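In case it helps, this note's numbering puts the sequence shown at residues 3 to 287. These notes are about the structure you will find just below.
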Amino acid sequence: MFHEFVGPHIQFKLKRGPRTEDSLHWKLPPPPAARHGVVAVRPKPFRFDLARRAGGGGEEEMRFTASPVVELPVGGAVLTFEQDNDSFEVGTSVWPSSLVLVKFVERCLRDPGLPFADVLRFPGTRAVELGSGCGPAGLGLSRLGLTDLVLTDIAAVLPALRRNLRRNRPHLPRAPRLAQLHWNCPAHLATLATPRRFDLVVAADVVYVQESVPHLIAAMDALADAERGVVLLGYQIRSPEAHQVFWDSVPAAFPVIEKVAREHLDPDYAYEESDVYILRRRPRQ
Ligand SMILES: C[S@@+](CC[C@H](N)C(=O)[O-])C[C@H]1O[C@@H](n2cnc3c(N)ncnc32)[C@H](O)[C@@H]1O
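Here's what the structure looks like:
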């Protein structure tokens with residue numbers, strides 16, 4: 003049985019049935035307040051009988067057959083993201099802050115009168131995304147012209163990311179590279195930061211486990227250029243503890259923190275619970 007929530011821009015299908023009804027669920031927050039009638043994010047079944055089999059490269063392939071698809075209209079196209087109903091990886095769902103982030107950028111690019119033009123000057127910008135999941139933020143920004151881009155995630159999520167990249171490839175000016183990155187893996191970080199670090203680090207909805215926050219900040223620090231590196235962050239409070247540790251610690255690496263005013267977000271994608279932050283090494287010139 004499918005429960006269908008239809009908003010003006012996004013449609014999520016929530017698969018419910020005897021297989022998942024009684025199972026434990028990931029402790030996801032309730033959907034963002036539906037200011038514009040949009041309901042997002044299904045409960046995540048916490049199940050171990052995954053619909054997976056080993057792929058050729060040692061990675062696991064996921065079945066997406068009955069998965070809900072999330073649509074993101076951006077840059078004159080509609081990107082679509084397939085989620086995996088049966089996975090217990092959080093990265094195989096689309097999280098709302100990624101959509102808020104992309105639509106904010108689209109709005110800024112359309113209206114040069116808005117601030118942040120320095121961050122969003124995409125031609126020539128070398129960028130990396132942390133915790134790409136199904137790819138909504140990175141692929142959305144790619145559609146908007148961020149063409150020198152590496153999308154990253156843990157190995158278990160890369161098949162979902164790869165599948166969504168293939169699905170949306172016709173709408174992208176250039177295919178972003180995919181790379182495995184575990185935030186606490188120095189070898190992954192060193193490989194990515196070679197031959198040089200990135201001008202822009204993108205991340206959406208990545209602050210939710212307190213223990214991984216120091217690794218996340220260290221990864222941002224290791225990957226962003228030491229002088230002019232900027233972090234573009236889609237953010238929602240997922241855990242008060244992780245939230246506290248993140249904002250206590252991140253100024254050591256990125257002392258200049260700007261929260262995008264709500265009036266600068268896309269009004270149709272300005273969920274009450276999601277924010278966009280810009281973290282800098284130095285004050286804006
Ligand atoms: C809540 S999901 C957000 C996914 C995507 N950015 C979105 O907004 O739809 C968090 C992402 O961070 C990734 N992640 C969590 N901990 C990580 C770690 N220690 N190293 C690398 N990626 C991690 C997860 O695999 C997942 O894809």
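Note that CB positions come from ideal geometry on N, CA and C, so glycine has one too. Just so you know, these numbers come straight off a predicted model, no measurement behind them.
Query, Result
"Under 8 Å: does the beta carbon of T154 sit that close to some heavy atom of ligand 1?", "yes"
"Pop quiz: L103 and G236 are said to be a contact at Cβ under 8 Å. What is the actual Cβ separation, rounded to whole angstroms?", "4 Å"
"In the DSSP output, which residue or residues are listed as bridge partners for F118?", "For F118, which the question treats as bridged, DSSP gives no partner whatsoever."
"Report all residues from its chain with a CB closer than 6 Å to the CB of T82; omit the five preceding and five following residues, and keep chain order.", "V71, E73"
"Rank R109, C136, E108 by C-alpha distance to the C-alpha of A157 and give the top, closest one.", "C136"
"State the Cα-Cα distance for the pair D86 and I280, rounded to the nearest angstrom.", "30 Å"
"Looking only at its chain, what residues have a beta carbon closer than 8 Å to the beta carbon of A119, apart from the 5 residues adjacent to it on each side?", "C110"
"Fully enclosed by the region 136–224, which alpha helix (DSSP H) runs are 4 residues long or longer?", "138–145, 160–170, 188–194"
"Using only the alpha-carbon positions, how far apart do L148 and E131 sit?", "11 Å"
"Short of 7 Å in beta carbon distance, which residues of its chain neighbour Y210, apart from the five on each side in sequence? Order them along the chain.", "R240, S241, A244"
"Do the region 249–260 and the region 213–222 make contact, defined as three or more Cβ pairs closer than 8 Å?", "yes"
"Quick one, are the C-beta atoms of G140 and V80 less than 9 Å apart?", "no"
"From the DSSP output, in three-state form, read off F14 for me.", "For F14, the pLDDT reaches just 33, beneath the cut-off of 50, and the residue's location in the model is therefore unreliable, although a value from the coordinates is still provided. Looking at F14 - three-state DSSP - the assignment turns out to be strand."
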